[in-house]
Amino acid sequence: MYLELEQQLSRHVREFIKRQYELDLDRLVVDQPPNVGLGEFALPLSFELAKKLRKPPRKIAEEIVAGLGAVPGFEKFEVAGAGYINARVDRAAAARMLLKPSAMKAAPAKAEKILVEHTSINPNKAAHIGHLRNSILGDTFVRLLRSSGAHVDIQNYIDNTGVQVADVVVGVLYLEKKDKSFIEELIMNSTAAQPFDYYCWDLYARVSQWYEESKDNLKLRLQTLHDIEQGGNEAAAMGKLIATAVIRRHLETMQRLDIQYDFLPQESEILHLHFWDLAFEQMKQKGVLYFETEGKNKGCWVMKRAGTKPAEVTEEVPAGPDEDAKVIVRSNNTVTYVGKDIAYHLWKFGLLGKDFGYRKFYLYPDGHQVWISAESGDADHPHFGGVRAIYNVIDSRQADPQNNVIEAIRGLGYTEQAENYHHFSYEMVALTPRCAMDLGYNVSEEDQKRSYIEVSGRKGFGVKADDLLDSLIGAAQKEVDSRHPEMPESERRDTATQIAIGALRYFMLKFTKGTVIAFDLKDALSFEGETGPYAQYAIVRATNIFRKAGLSAEEILSGETDLRFLNEDPELWEIWLRAGQLSHIVRQCIATTEPAYAAKYAFQLAQQFNNFYHRHHILTETDEARKRFLLVTAAVVRRVLMQCLDLMGIAAPNVM
1336 MYLELEQQLS RHVREFIKRQ YELDLDRLVV DQPPNVGLGE FALPLSFELA KKLRKPPRKI
1396 AEEIVAGLGA VPGFEKFEVA GAGYINARVD RAAAARMLLK PSAMKAAPAK AEKILVEHTS
1456 INPNKAAHIG HLRNSILGDT FVRLLRSSGA HVDIQNYIDN TGVQVADVVV GVLYLEKKDK
1516 SFIEELIMNS TAAQPFDYYC WDLYARVSQW YEESKDNLKL RLQTLHDIEQ GGNEAAAMGK
1576 LIATAVIRRH LETMQRLDIQ YDFLPQESEI LHLHFWDLAF EQMKQKGVLY FETEGKNKGC
1636 WVMKRAGTKP AEVTEEVPAG PDEDAKVIVR SNNTVTYVGK DIAYHLWKFG LLGKDFGYRK
1696 FYLYPDGHQV WISAESGDAD HPHFGGVRAI YNVIDSRQAD PQNNVIEAIR GLGYTEQAEN
1756 YHHFSYEMVA LTPRCAMDLG YNVSEEDQKR SYIEVSGRKG FGVKADDLLD SLIGAAQKEV
1816 DSRHPEMPES ERRDTATQIA IGALRYFMLK FTKGTVIAFD LKDALSFEGE TGPYAQYAIV
1876 RATNIFRKAG LSAEEILSGE TDLRFLNEDP ELWEIWLRAG QLSHIVRQCI ATTEPAYAAK
1936 YAFQLAQQFN NFYHRHHILT ETDEARKRFL LVTAAVVRRV LMQCLDLMGI AAPNVM
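Quick note: the sequence shown uses the working numbering, first residue 1336, plus one each step.
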């Protein structure tokens, strides 16, 4: 409702400015007054026009208000201060817009595709808490895009030929002194109590320590990595077996959070299908790469690093090799990660002239099919790649490689594609000392005084995603069991799971992307404050009103309602206005790639509803017209809160 009114206001004002002053405004800034008593929208455009029209801002504002005429959905316009224009909406008309069944329904998907790549965990061990932030951010952004009508493909890049997979293979071959059959047996006998990715987690930490014991051990890593990249040998077969089993475990873990994917492109196919060869030729022809003949990068193919300037050449300082250049092909002819990533992103944009083979890999319970890359695959498959825009959810430490890929695409002449390549950056997740101890870690007295403790899978200090989920569900289960002993055990378990998932997802989303998160179990599960359970509880409260009244929240929205009460109580109008802002918040989240705005909005709306709930005794209200209006208010807020939480992947339990 709010977004629609804003767009209507903007359109009419711009048309008036064009008609009255023969000026085209590319955009119109629409603010909010400091309080709703002054109106719902504020326009500062008079200050912008003052220089062009050579008039005082207040005079311009008076001319606009006098000549604008009627705007559908608005009651009146007023000049305020030195030249602001405050706009007051027709509250009843706005409320009717919000009551429509179509309010906040997803728009039909557009033809052009947007690609969101997220999760992208190395397939060498169990997913950990840091991966959860990536996946939850990415999945929420997908939900936001789709709600706005975008056609979105979800990809989860699999680095199945990288050094991390090689490390696990090294561990099996040289620490465990086992072969491929040992891995096959482990996978076959994997259970919920002893999952295969947990075995890999422990082995990976052991291998990391083993490398520190001798430089000779590191030589085995390089040899194994080379064997995996070449393929057709024991190490490559073992690496593929390990990676495939771990990928399945990752999908199962993320499925617990209702996170799904469409396509899993693997690095092995980027190598074996010679994607890099095609990209290499393009880059050489366009001069993006050059062969270095001197300096530390002698014998390498390099490109200018993003953000650097050429060194100043003078008689005293002659031209020399660019020591800051980014190596793309090493002197031994192996391709760096950035090089392979350039090829992959040219494919994403449909600029490579070659495609993967595809085969079915994983089927979700709802029937959604996940595809994985192959050298050759099924003839009948969906089309992936060839997208208009890309969002890569990758942590902030990857800013330099991401920028180098963008610069390579721009250097090849694909300016529009470079502009539509977005690094969706975020910061790391740590643990509060209290949380680390709650999860069973020994925390030194010194670390107990810190605000957070960094985790490291390589060092063996980390929180596996499944362990964290189990701990959250277990803690929520205790609370649900004590509050609702009469409920069947399965219902209590389902409710605890919904609360736990809501707590986790909300905690990961409520902080802006650039904030380091110190995760805490108790804080996340709290029913008070800015938490998922707090927002869920507001929905449960609203549901209980209708349960006690013997009414359906959905049906009550379809009847006639006396909306005059909106003008009698500012608090009631403010909660309707807030409820009408969800589409505006969605647009803000997408424009800024910041889902935290949705989390903040859910909390504020839940706060307002709880204040409304305590102030108004709805079921004992004696004025029937007012009682119905209060019930409709509760139903509107309940519906919007459920829609907002759904955008964040959070379900609304029946009880708390």
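Idealized CB from N, CA, C, for every residue including glycine.
Expected contact under 8 Å - CB spacing of residue i and residue j to nearest Å
i: ILE1582; j: ALA1501; result: Contact doesn't hold; Cβ gap of about 16 Å is too wide.
i: ASP1593; j: GLY1837; result: At roughly 11 Å, the Cβ-Cβ gap does not stay under 8 Å, so ASP1593 and GLY1837 are not in contact.
i: GLU1604; j: ASP1494; result: Between ASP1494 and GLU1604 the Cβ distance is about 12 Å, and since that is not below 8 Å, they are no contact.
i: ALA1396; j: ILE1420; result: 5 Å
i: ILE1874; j: ALA1969; result: Incorrect: roughly 10 Å between the Cβ atoms, too far for contact.
i: ILE1852; j: VAL1764; result: 5 Å
i: PHE1997; j: ASN1727; result: Any property of residue 1997 remains undetermined from this structure, which presents the chain solely from 1336 to 1991.
i: LEU1363; j: VAL1348; result: 6 Å
i: CYS1535; j: VAL1487; result: That pair is no contact at about 31 Å.
i: HIS1463; j: LYS1799; result: 6 Å
i: ALA1914; j: LEU1856; result: So it is not a contact: roughly 31 Å between Cβ atoms.
i: PHE1598; j: GLN1529; result: With 8 Å as the limit, PHE1598 and GLN1529 do not qualify as a contact, their Cβ atoms being about 30 Å apart.
i: ALA1884; j: LEU1976; result: The pair is not a contact, with the Cβ atoms about 19 Å apart (cut-off 8 Å).
Contact test: residue i Cβ vs the ligand FMN heavy atom, cutoff 7 Å
i: LEU1508; result: For the structure depicted, the ligand FMN is absent and the ligand set is empty, with no information on it obtainable.
Per DSSP, cross-strand counterpart(s) of residue i
i: LEU1450; result: ASP1488 and ILE1725
i: ARG1423; result: LYS1411
i: ALA1853; result: ALA1765
i: VAL1670; result: VAL1664
i: PHE1598; result: GLN1490 and TRP1706
i: HIS1463; result: LYS1799
i: ASP1366; result: ALA1377
Endpoints, the beta strand (DSSP E) within which residue i is located
i: SER1708; result: 1704 to 1709
i: VAL1637; result: 1636 to 1638
For residue i, the nearest candidate out of the options (CA to CA)
i: HIS1327; options: LEU1686, MET1589 and THR1955; result: The structure shown does not extend to residue 1327, since the chain spans only 1336 to 1991, so no value can be given for it.
i: SER1817; options: VAL1673, VAL1990, ASN1777 and ASP1897; result: VAL1990
i: GLN1355; options: MET1336, PRO1368, ALA1377 and ILE1399; result: ILE1399
i: ARG1899; options: ALA1429, PHE1846 and LYS1390; result: ALA1429
i: GLU1889; options: ALA1926, GLN1617, THR1957 and LEU1966; result: LEU1966
i: ASP1657; options: GLY1674, ILE1891, TRP1636 and ARG1468; result: TRP1636
i: MET1432; options: LEU1912, PHE1476 and LEU1954; result: LEU1912
i: SER1720; options: GLN1737, TRP1682 and ASP1701; result: A quick correction: the sequence has Gly, not Ser, at residue 1720. Selected option, being the one with the closest Cα: TRP1682.
i: ALA1831; options: ALA1926, ALA1986 and GLU1339; result: ALA1986
i: PRO1368; options: PHE1517, ALA1422 and ASP1361; result: ALA1422
i: ILE1788; options: MET1772, LYS1799 and ASP1801; result: MET1772
i: ASP1958; options: LYS1515, ALA1765 and ASP1897; result: ASP1897
i: TYR1872; options: GLY1915, ALA1937 and TYR1932; result: ALA1937
i: GLU1452; options: LEU1472, ASP1690, VAL1348 and ALA1462; result: LEU1472
i: VAL1664; options: LYS1857, GLY1567, LEU1686 and ASN1632; result: ASN1632
i: GLN1595; options: TRP1706, GLY1634 and GLU1616; result: TRP1706
i: HIS1607; options: ASN1667, LEU1860, LEU1624 and ALA1709; result: ALA1709
i: PRO1436; options: ARG1640, LYS1661, LEU1886 and VAL1971; result: VAL1971
i: ALA1461; options: ILE1449, GLY1416, ALA1527 and SER1483; result: ALA1527
i: SER1345; options: ASN1552, ASP1597 and VAL1406; result: VAL1406
i: GLU1754; options: THR1850, GLU1587 and ARG1723; result: ARG1723
i: PRO1391; options: GLU1413, GLY1867, GLY1418 and HIS1703; result: GLY1418
i: LEU1450; options: TYR1539, HIS1757 and ILE1741; result: HIS1757
i: ARG1556; options: HIS1919, LEU1479 and TYR1509; result: TYR1509
i: ARG1694; options: GLY1688, ALA1714, LYS1675 and PHE1684; result: ALA1714
Span of the alpha helix (DSSP H) around residue i
i: PHE1696; result: Where PHE1696 is concerned, there is no enclosing alpha helix (DSSP H), although the beta strand (DSSP E) it sits in stretches over 1692 to 1698.
i: VAL1975; result: 1959 to 1982
i: ALA1941; result: 1931 to 1950
i: ILE1663; result: Here ILE1663 belongs to no alpha helix (DSSP H); instead the beta strand (DSSP E) covers 1661 to 1664.
i: LYS1621; result: First-last for LYS1621: undefined, no H or E at that position.
i: HIS1718; result: Looking at the DSSP string, HIS1718 is not in any alpha helix (DSSP H), and its letter there is neither H nor E.
i: LEU1912; result: 1905 to 1914
i: TYR1993; result: Residue numbering for the chain in the displayed model covers 1336 to 1991; residue 1993 lies beyond these limits and cannot be assessed.
i: THR1579; result: 1569 to 1590
i: PRO1868; result: 1867 to 1884
i: MET1991; result: Premise fails: MET1991 is in no alpha helix (DSSP H) and is neither H nor E.
i: GLU1889; result: 1888 to 1891
i: ARG1354; result: 1337 to 1356
i: ILE1458; result: One detail in the question is off: residue 1458 reads as Pro in this sequence, not Ile. That residue, PRO1458, is in no alpha helix (DSSP H); it is neither H nor E in DSSP.
i: HIS1609; result: Where HIS1609 is concerned, there is no enclosing alpha helix (DSSP H), given that its DSSP letter is neither H nor E.
i: VAL1921; result: 1917 to 1927
i: ILE1985; result: Here ILE1985 belongs to no alpha helix (DSSP H), and DSSP marks it neither H nor E.
i: THR1750; result: 1750 to 1754
Complete alpha helix (DSSP H) runs within the stretch 1758 to 1832 (minimum length 4 residues, chain order):
For the stretch 1758 to 1832, whole alpha helix (DSSP H) runs of length 4 or above, ordered along the chain, are 1768 to 1773, 1780 to 1783 and 1800 to 1818.
My parser needs the alpha helix (DSSP H) runs of 4 or more residues fully inside the stretch 1373 to 1406; what are they?
Counting only runs of 4 or more residues that sit fully inside the stretch 1373 to 1406, the alpha helix (DSSP H) segments are 1380 to 1388 and 1392 to 1403, in chain order.
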